[in-house]
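Heads up: the sequence shown is residues 382 to 611, going by my numbering.
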Amino acid sequence: MNLLEKEQLIAAKADEFESSTPQEIIAWAVETFPNITFACSFGAEDVVLVDMLQQISPSTDIFYLDTDFHFQETYETRDAIAGKYGLEFVRVSPKLTPEEQAAQFGEELWKSDPNACCNVRKVEPLTRVLGGYEAWITGIRRDQAPTRANAKKIEYDAKFGLVKFNPIANWTSDDVWNYIREHELIYNPLHDRNYPSIGCEYCTRQVMPGEDPRAGRWSGSDKTECGLHK
Ligand code: SF4
382 MNLLEKEQLI
392 AAKADEFESS
402 TPQEIIAWAV
412 ETFPNITFAC
422 SFGAEDVVLV
432 DMLQQISPST
442 DIFYLDTDFH
452 FQETYETRDA
462 IAGKYGLEFV
472 RVSPKLTPEE
482 QAAQFGEELW
492 KSDPNACCNV
502 RKVEPLTRVL
512 GGYEAWITGI
522 RRDQAPTRAN
532 AKKIEYDAKF
542 GLVKFNPIAN
552 WTSDDVWNYI
562 REHELIYNPL
572 HDRNYPSIGC
582 EYCTRQVMPG
592 EDPRAGRWSG
602 SDKTECGLHK
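Right under this line is the structure:
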C-alpha cells in the first residue's frame with residue numbers, strides 16, 4: 382500500500398472509527414496491516430490494550446522502550462503481565478548505555494537537557510523499531526494532555542512514516558480503570574501510590590490531590606512529552 386492509498390484509507394475510516402469500540406478498531410487494524418506493532422509502556426492504558434490484543438491477535442508484536450531508567454515496579458509489572466499471558470515483550474534499547482551517555486553528554490542528562498536524554502533513550506530507539514512496521518498502536522487518550530486532544534483513532538504518523546492507531550483515544554481515565562477492574566488486570570502498583578502517569582524514575586514524581594494527572598512528569602520543567610507523540 383503506498384502513501385496515497387494509506388491516506389485514502391485513513392480518510393475513509395476516521396469518522397466510522399469514532400463510534401467503533403477499541404476491539405473493533407484493533408481487529409480491523411491487525412487484519413489490514415498484519416505488519417503492525419503495539420508500543421507498550423505498562424501504564425494503565427497499555428495494560429488494557431495488551432489484554433485486548435491477547436484476545437484478538439496474540440501473535441502481534443508488542444514492544445517496549447527500555448530506557449534503563451524505569452521504576453523497579455514497572456519492570457515487575459512487565460514480568461507479571463508476560464507471565465500471565467505467556468508472551469514475550471520485545472525489548473528495544475538505546476544505542477548508549479547509561480554509562481556511555483554520561484561519558485558523552487555528562488552526568489544526569491535528564492536534568493541538564495531532558496530533550497536530549499529522551500532523544501537518546503526514547504525517540505531514536507522508537508524511530509529504529511517503527512522503521513520495520515507499516516502501522517503502530519498506542520494507548521494515548523485525548524484528555525491526557527492538550528497535546529493529545531486532537532488525536533484521531535486512525536491517522537498517518539508523518540513523524541515516523543507509518544499508520545497510527547489510537548483505539549482508546551476517546552476513553553476517559555474512568556473507562557480505563559473500569560476495564561482494569563472488570564477484567565481483573567495486572568497493573569503497575571505505582572498507580573495506587575499517586576502516580577497516574579509513569580515514565581522514567583528520574584522524571585516522574587507523585588501527584589498531589591488536585592494536580593493535573595501528568596503534573597508528575599518532568600516536574601519543574603516546561604517539557605510535557607517525550608517526543609514520541611506529536
Ligand atoms: Fe531521560 Fe527522563 Fe526522558 Fe527518561 S523521561 S529518557 S530519564 S529525560
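In this text, a Cβ means the ideal position worked out from N, Cα and C, and glycines have one as well.
Exercise. Does the distance from the CB of F470 to the CB of F452 come in under 8 Å?
Worked result: The residue given as residue 470 occupies position 89 in the sequence shown. The residue given as residue 452 occupies position 71 in the sequence shown. No. Outside cutoff.
Exercise. Heavy atom of the ligand SF4 less than 7 Å from the Cβ of Y560, yes or no?
Worked result: As a first step, residue 560 must be located in the sequence shown, where it is residue number 179. No, the Cβ of Y560 stays beyond 7 Å of every heavy atom of the ligand SF4.
Exercise. My guess is that P594 and S578 are in contact by the Cβ rule of under 8 Å, so how many angstroms apart are they, rounded?
Worked result: Here residue 594 refers to the residue found at position 213 when the sequence shown is read from its first residue. Here residue 578 refers to the residue found at position 197 when the sequence shown is read from its first residue. 6 Å between Cβ atoms; contact.
For this session: Take T402 and list the residues in its own chain whose beta-carbon comes closer than 6 Å to its own, dropping the five residues that flank it on each side.
Result: Against the sequence shown, residue 402 aligns to sequence position 21. Closer than 6 Å at Cβ, skipping near neighbours: no residue.
Exercise. Tell me the DSSP bridge mates of D396?
Worked result: Counting from one through the sequence shown, the residue named residue 396 turns up at place 15. Per DSSP, none; premise fails for D396.
Problem set entry | Start-to-end residues for the beta strand (DSSP E) that takes in E489 | Taking the sequence shown and counting its residues from 1, one reaches residue 489 at position 108. Looking at the DSSP string, E489 is not in any beta strand (DSSP E), and its letter there is neither H nor E.
Exercise. Smallest Cα separation from L477: which of A463, A461, C499, I462?
Worked result: The residue labelled residue 477 in the question sits at position 96 within the sequence shown. For the residues A463, A461, C499, I462, the minimum Cα distance to L477 belongs to C499.
For this session: Could you tell me whether any non-hydrogen atom of the ligand SF4 is closer than 7 Å to the CB of T455?
Result: One-based indexing of the sequence shown puts residue 455 at position 74. No, the beta carbon of T455 sits no closer than 7 Å to any heavy atom of the ligand SF4.
Problem set entry | alpha helix (DSSP H) segment containing Y583, residue limits | On the sequence shown, residue 583 is found 202 positions in, with the first residue counted as 1. Segment: none, Y583 is in no alpha helix (DSSP H) and carries neither H nor E.
Exercise. If you pair each beta-carbon of the stretch 564 to 577 with each one of the stretch 452 to 468, do three or more pairs fall below 8 Å?
Worked result: yes
Exercise. For the ligand SF4, any of its heavy atoms closer than 7 Å to the Cβ of K476?
Worked result: Counting from one through the sequence shown, the residue named residue 476 turns up at place 95. Not so, every heavy atom of the ligand SF4 lies at least 7 Å from the Cβ.
Problem set entry | V544 (DSSP reduced to helix, strand or coil) | Residue 544 sits at position 163 when you count from the first residue of the sequence shown. In this structure, V544 counts as strand in the three-state DSSP scheme.
Exercise. T479: beta carbon under 7 Å from a heavy atom of the ligand SF4?
Worked result: Residue 479 sits at position 98 when you count from the first residue of the sequence shown. Note on identity: in this sequence residue 479 is Pro, with Thr being the wrong assignment. Checking the Cβ of P479 against the ligand SF4 gives no.
For this session: Enumerate in chain order the residues of its own chain whose CB-to-CB distance from M433 is below 7 Å, with the five nearest sequence positions on each side excluded.
Result: Residue mapping note: residue 433 aligns to position 52 of the sequence shown, counting from 1. These residues qualify, in order along the chain: P403, Q404, I407.
Exercise. In whole angstroms, what is the alpha-carbon distance linking G424 and G513?
Worked result: In the sequence shown, the residue the question calls residue 424 occupies position 43. In the sequence shown, the residue the question calls residue 513 occupies position 132. Taking the straight line from one Cα to the other gives about 24 Å.
Exercise. Does the Cβ of E412 have 16 or more other Cβ atoms within 10 Å, making it buried, or fewer, making it exposed?
Worked result: Taking the sequence shown and counting its residues from 1, the one referred to as residue 412 is at position 31. Label assigned to E412: exposed.
Problem set entry | Spatially closest choice to A483 from A497, T508, T585, F419, by CA coordinates | For the purposes of this step, residue 483 is taken as residue 102 along the sequence shown, with counting starting at 1. If we check each option's Cα against that of A483, A497 comes out closest.
Problem set entry | Counted within 10 angstroms of its Cβ, other Cβ atoms place A392 as buried (16 or more) or exposed | For this step, residue 392 is matched to residue 11 along the sequence shown. The residue in question, A392, is exposed, as its Cβ has fewer than 16 Cβ neighbours within 10 Å.
For this session: Measure the C-alpha to C-alpha separation of E480 and E399 and round it to an integer number of angstroms.
Result: Taking the first residue of the sequence shown as 1, we reach residue 480 at position 99. Taking the first residue of the sequence shown as 1, we reach residue 399 at position 18. Whole-angstrom Cα-Cα distance: 45 Å.
Problem set entry | Those runs of the beta strand (DSSP E) which lie wholly inside the stretch 405 to 454 and span at least 3 residues | 417 to 420, 442 to 446
Exercise. How big is the Cα-Cα spacing for G580 and W599?
Worked result: For this step, residue 580 is matched to residue 199 along the sequence shown. For this step, residue 599 is matched to residue 218 along the sequence shown. Distance between the alpha carbons of G580 and W599: 9 Å.
Exercise. Got a sec? Which residues, its chain only, sit under 7 Å from I561 by beta carbon, not counting five neighbours each side?
Worked result: Against the sequence shown, residue 561 aligns to sequence position 180. Here the set comprises A425, V428, V429, Y568.
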